[in-house]
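2 protein chains.
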Amino acid sequence: MSHDQSFVVAVVGATGAVGREMLRTLEQRNFPVSRLVALASKRSAGQVLPYGKSEIVVTELGPQSFEGVHFALFSAGASVAREYGPIAAKAGAIVIDNSSAWRMDPEVPLVVPEVNMAAAQHRPKGIIANPNCSTIQMVVALKPLHDAKRIKHIVVSTYQATSGKGHAAVEDLLAQARAVLDGKPVEATVFPGQMAFNVMSDWKPGDADYSEEEWKMVHETRKIMGDDSIGVSPTTVRVPVVNGHSESVHVQFHEPITAEEAKRLLRNADGVVLADEPYTPGKHPTPAAASGTDPVYVGRIRDDVAVKGALNLWVVADNLRKGAALNAVQIAERLIKKA
Amino acid sequence: MSHDQSFVVAVVGATGAVGREMLRTLEQRNFPVSRLVALASKRSAGQVLPYGKSEIVVTELGPQSFEGVHFALFSAGASVAREYGPIAAKAGAIVIDNSSAWRMDPEVPLVVPEVNMAAAQHRPKGIIANPNCSTIQMVVALKPLHDAKRIKHIVVSTYQATSGKGHAAVEDLLAQARAVLDGKPVEATVFPGQMAFNVMSDWKPGDADYSEEEWKMVHETRKIMGDDSIGVSPTTVRVPVVNGHSESVHVQFHEPITAEEAKRLLRNADGVVLADEPYTPGKHPTPAAASGTDPVYVGRIRDDVAVKGALNLWVVADNLRKGAALNAVQIAERLIKKA
Chain F
1 MSHDQSFVVA VVGATGAVGR EMLRTLEQRN FPVSRLVALA SKRSAGQVLP
51 YGKSEIVVTE LGPQSFEGVH FALFSAGASV AREYGPIAAK AGAIVIDNSS
101 AWRMDPEVPL VVPEVNMAAA QHRPKGIIAN PNCSTIQMVV ALKPLHDAKR
151 IKHIVVSTYQ ATSGKGHAAV EDLLAQARAV LDGKPVEATV FPGQMAFNVM
201 SDWKPGDADY SEEEWKMVHE TRKIMGDDSI GVSPTTVRVP VVNGHSESVH
251 VQFHEPITAE EAKRLLRNAD GVVLADEPYT PGKHPTPAAA SGTDPVYVGR
301 IRDDVAVKGA LNLWVVADNL RKGAALNAVQ IAERLIKKA
Chain H
1 MSHDQSFVVA VVGATGAVGR EMLRTLEQRN FPVSRLVALA SKRSAGQVLP
51 YGKSEIVVTE LGPQSFEGVH FALFSAGASV AREYGPIAAK AGAIVIDNSS
101 AWRMDPEVPL VVPEVNMAAA QHRPKGIIAN PNCSTIQMVV ALKPLHDAKR
151 IKHIVVSTYQ ATSGKGHAAV EDLLAQARAV LDGKPVEATV FPGQMAFNVM
201 SDWKPGDADY SEEEWKMVHE TRKIMGDDSI GVSPTTVRVP VVNGHSESVH
251 VQFHEPITAE EAKRLLRNAD GVVLADEPYT PGKHPTPAAA SGTDPVYVGR
301 IRDDVAVKGA LNLWVVADNL RKGAALNAVQ IAERLIKKA
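Note that the protein sequences, when read in sequence, are chains F and H. Note that UniProt numbering has the first sequence beginning at 1, numbered continuously upward. Note that UniProt numbering has the second sequence beginning at 1, numbered continuously upward.
Shown next, in the form of structure tokens:
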């Protein structure tokens, strides 16, 4: 592959929230697409999606969908990825999958371009996994600090937007908000109860009462950083925000670091915007401001007051973009450049 | 004072969000009030407030307001408390102040009845301070664990409701939410920007880039627990919730503890409702459900996965009630019972 070439790109799950964001991202970043194939389930086939200034018709996903495809960007859930990922790879596509299906497979690299792009070169199954949204933005912010002082322990609490649960969840939030404002009864479809003007720590815990999302933050952080000694204490929480995840991150290191050093390291870090202007309203990270943009914003960088040499940070990013679609497209971009 | 007695109670700042909650709390808990004096600034004097099934007329706060008053519950900000607290105490009232004015004064006890009621007996200035809302709910949840295993380090991230910033902040949130839903421009009056469908980590940091709220959690926790060795790493964050604060709390102890032990200790703890039913939607703590109720709800109690013997918890309470008005009234109730 050379940079002058154009590529056939398939988006699997094109009608979903992340799938649509993938189409937008490919177009906005001028990814060299010779032909775009928008794939989805039978139910969504025939739907017309906007793509740049034109439109694209969704076709049904099937075993023949990947002939001639160079990059297959999957965002269709774990079971579809498990079934069709290997089919796409066998047909010769590089699969970049946004589901959790392949992330912890030792033969599948789990890649955040700013952190461990080299890992993407070794992909015996032809599949590259795109990490969980909450993990991506955290490791982009922490990698430069880990390189400098080696992270020992992370305590992270998330403030996650409803868009991470798809279109229907956002609509649930907005309809509920209107009901609350109008004094009408609140109905819940996606969420187990009232999400508008409310906060819910993960309501479906898994092993040891940690949620799946929490376990992802533990295991994926270690795999991406390439350091299984990193301790992660996660609490994942949904907040009534449309789009954009925020994280409160406490970090302890093997070697002490200061907030000043951390700011210096983050000021020019790949993918990071240092937004640490405490007295300037609007100039620090919020999800509403981050939504629709590419960077990981890091602010409120403070020397910890209890543990010497530790830090507290506030990390915000668009969970559909850097947390999903953008990260997948960036992996493809960098593969093209390196080839 | 004996329990059969009735008392003259003054509420200073009666027209504010916490002042109104104090009136409601006194009435709902049948506090033995012989006469209620609702005090506020000149601007609010003459206003009529609901009190039980009747009403009460607000009078202007002045140096003569406290004659014959047994309990003066202040919720009128720090400068009013600094000026009128000593005047009320000199007139013979027991002052219970909800502002930050007196909290760290070594001659003023800082009291959460479930935690350190004994401290209220020594009040050389005649003043008792009511702690910050975020601190109160955290120490109620942590005291039984501290007694058992001695806390070493707390990492806390808050999810604070807008009601903590008063009526106008709630109205700001609701008006902004309607504007967003209607696709109209968002105007901010109390908040520095869009609060609806958004999250803001504290935007006015103080010393060392920590906010005032964060420093309160550090210093007040130590004073209430009576242990200056407790490390607190706080990050305080405002979320688009009307009422009810939530907290993600990671705790390390001098002696290891398990989640099972912690649940046993919290099941019968004073002021706590253990709400740790992970698979039952609606039966774990949320601010919308906690709003309008008295307890501190504790859920998601998990053995930490990074530090052996540490815990993670999710703590939710009504910030206007247990976080302010209720705590103040409970102090008065227990003083009556002990007298």
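Just so it is clear, CB atoms sit at the ideal spot from N, CA and C, and this is done for glycine as well. Just so we're clear, the structure is a prediction, and the values are computed from it rather than from any experiment.
query, result
"Rounded C-alpha distance that separates F/K263 from F/Q28", "30 angstroms"
"Under 7 angstroms by beta carbon: chain F residues contacting H/S163", "Per Cβ cutoff of 7 angstroms: no residues; H/S163 is ~11 angstroms from chain F at best."
"C-alpha distance - F/P287 paired with H/H219, whole-angstrom precision", "30 angstroms"
"Neighbour flag for H/A141 against chain F, beta carbons, 7 angstroms", "no"
"Three-state secondary structure (DSSP) of H/D303", "strand"
"Inter-stretch contact (C-beta, 8 angstroms, three-pair minimum) for the region 202-212 of chain H and the region 295-305 of chain F", "yes"
"Chain-order list of residues whose beta-carbon lies under 6 angstroms from that of F/G19 (same chain, five-residue window excluded)", "V11, G13, S75"
"Residue-chain proximity (H/T233, chain F), Cβ-Cβ < 7 angstroms", "The identity of residue 233 of chain H in the sequence shown is Ser, whereas the question assumes Thr. For H/S233, the answer is yes, since a Cβ of chain F falls inside 7 angstroms of its Cβ."
"Residue 340 of chain F - DSSP class collapsed to helix/strand/coil", "There is simply no residue 340 of chain F to check, as chain F begins at 1 and stops at 339 in what is shown."
"Option nearest H/Q316 by Cα separation, candidates H/A269, H/A310, H/V249", "Here the sequence assigns Val to residue 316 of chain H, which means Gln is not the residue at that position. The shortest Cα separation from H/V316 among H/A269, H/A310, H/V249 belongs to H/V249."
"Cross-chain neighbours of H/Q194 in chain F, by beta carbon under 7 angstroms", "A288"
"Contact under 7 angstroms by Cβ, H/T158 with H/T236", "yes"
"Cα-Cα separation, F/V80 to H/A177", "37 angstroms"
"Inter-stretch contact (C-beta, 8 angstroms, three-pair minimum) for the region 222-239 of chain F and the region 265-272 of chain H", "no"
"Buried versus exposed, by CB contacts within 10 Å (16 or more), H/A38", "buried"
"Whole-angstrom C-beta distance between F/G323 and F/H245, which should lie under 8 angstroms", "6 angstroms"
"Pair within 7 angstroms by beta-carbon distance, F/K152 and F/Q252", "yes"
"Coil, strand or helix - H/M200 by DSSP", "strand"
"Identified DSSP bridge partners for F/P205", "F/S211"
"Three-state class that DSSP yields for residue 362 of chain H in the structure shown", "In this structure chain H extends from 1 to 339, so residue 362 of chain H is not present and cannot be described."
"Rounded C-alpha distance that separates H/A168 from H/E187", "13 angstroms"
"Every unbroken alpha helix (DSSP H) inside the region 247-298 of chain F [4 residues or more]", "259-267, 287-290"
"Per DSSP, the bridge partner or partners of H/Q160", "H/R238"
"Any C-beta of chain H under 7 angstroms from that of F/Y159", "yes"
"Any chain F beta carbon closer than 7 angstroms to H/N312", "yes"
"Burial state of F/A118, where buried means 16 or more other Cβ atoms lie within 10 Å", "exposed"
"Proximal residues, the region 203-214 of chain H versus chain F, C-beta separation under 8 angstroms", "W203, K204, P205, A208, D209, Y210"
"Cβ separation of H/N243 and H/D318, assumed to be a contact under 8 angstroms, to the nearest whole Å", "6 angstroms"
"Proximal residues, the region 179-192 of chain H versus chain F, C-beta separation under 7 angstroms", "L181, P192"
"Cβ pair H/L73, H/M104 closer than 7 angstroms", "no"
"Contact residues within the region 246-272 of chain F, judged by C-beta distance below 8 angstroms to chain H", "S246, S248, H250, A259"
"Check whether H/P32 and H/Q330 have beta carbons under 7 angstroms apart", "no"
"F/A89 to F/S65 span [Cα, whole Å]", "12 angstroms"
"is_contact[H/D97, chain F] using C-beta, thresh 7 angstroms", "no"
"Continuous beta strand (DSSP E) stretch holding H/D172: start and end", "First-last for H/D172: 167-181, but that is the alpha helix (DSSP H), not the beta strand (DSSP E)."
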